[in-house]
Amino acid sequence: MGRNPSRSNQASAERPVLRTGHQIDQVQRGLAPDDWTPMRTVGVGVREIRLRDASGAFRIIDVATFADAVYVLHCFRTQSARTTRADVELAARGYRALTMERKR
23 MGRNPSRSNQ ASAERPVLRT GHQIDQVQRG LAPDDWTPMR TVGVGVREIR LRDASGAFRI
83 IDVATFADAV YVLHCFRTQS ARTTRADVEL AARGYRALTM ERKR
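Convert by adding 22 to the 1-based position in the sequence shown; the result is the number in our numbering.
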């Protein structure tokens, strides 16, 4: 019996999604993600959660300094070890919009 290629592709695509969900769950429980770095250029309390697998890297930029919620500012797949300026700027715009909304 051969492997079903579509089933194999679907399983490999779901793996990063499940790992991403696990990392967000950890943050919601007040635990630190497995691999992260602060992103002070985006805003206070913002961090980049890093995930890697054979197909590349996944990033989640979140802010968890608010007691009521964890806000995901941006998430994306990348082949590079560095976060692009465009991704940082997108997260920064989201952070500014979030802080303005929370002030209301």
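We put the beta carbon where it would ideally sit given N, CA and C, even for glycine.
For clarity, every value in this text was computed on a predicted model and none was experimentally measured.
>> In whole angstroms, give me the CA-to-CA distance for Ala76 and Leu40.
In response: The residue labelled residue 76 in the question sits at position 54 within the sequence shown. The residue labelled residue 40 in the question sits at position 18 within the sequence shown. Note on geometry: alpha-carbon atoms of Ala76 and Leu40 lie some 15 Å from one another.
> Given a threshold of 16 other Cβ atoms within 10 Å of its Cβ, counted over all protein chains shown, does Val66 qualify as buried or as exposed?
Replying inline: Here the question's residue 66 lines up with position 44 in the sequence shown. Its Cβ having fewer than 16 others within 10 Å, Val66 is exposed.
> Does the beta-carbon distance from Thr100 to Arg81 come in below 8 Å?
Replying inline: Within the sequence shown, residue 100 is the residue found at index 78, counting from 1. Within the sequence shown, residue 81 is the residue found at index 59, counting from 1. Contact flag set, yes.
> Val64: which of Leu73, Arg126, Arg124 and Thr106 sits nearest, CA to CA?
Replying inline: What you label residue 64 is simply residue 42 of the sequence shown in a count that begins at 1. For the residues Leu73, Arg126, Arg124 and Thr106, the minimum Cα distance to Val64 belongs to Thr106.
> Does the beta-carbon distance from Asp84 to Val110 come in below 8 Å?
Replying inline: As a working mapping, residue 84 is identified with position 62 in the sequence shown. As a working mapping, residue 110 is identified with position 88 in the sequence shown. Against a cut-off of 8 Å, the Cβ pair of Val110 and Asp84 comes out as no contact.
> Helix, strand or coil: how does DSSP classify Ser30 here?
Replying inline: Locating residue 30 in the sequence shown gives position 8, counting from the first residue. Since pLDDT at Ser30 reaches only 47, below the 50 mark, its modelled position is unreliable, and the value read off the structure follows with that caveat. The answer is helix: DSSP assigns Ser30 an H, G or I state.
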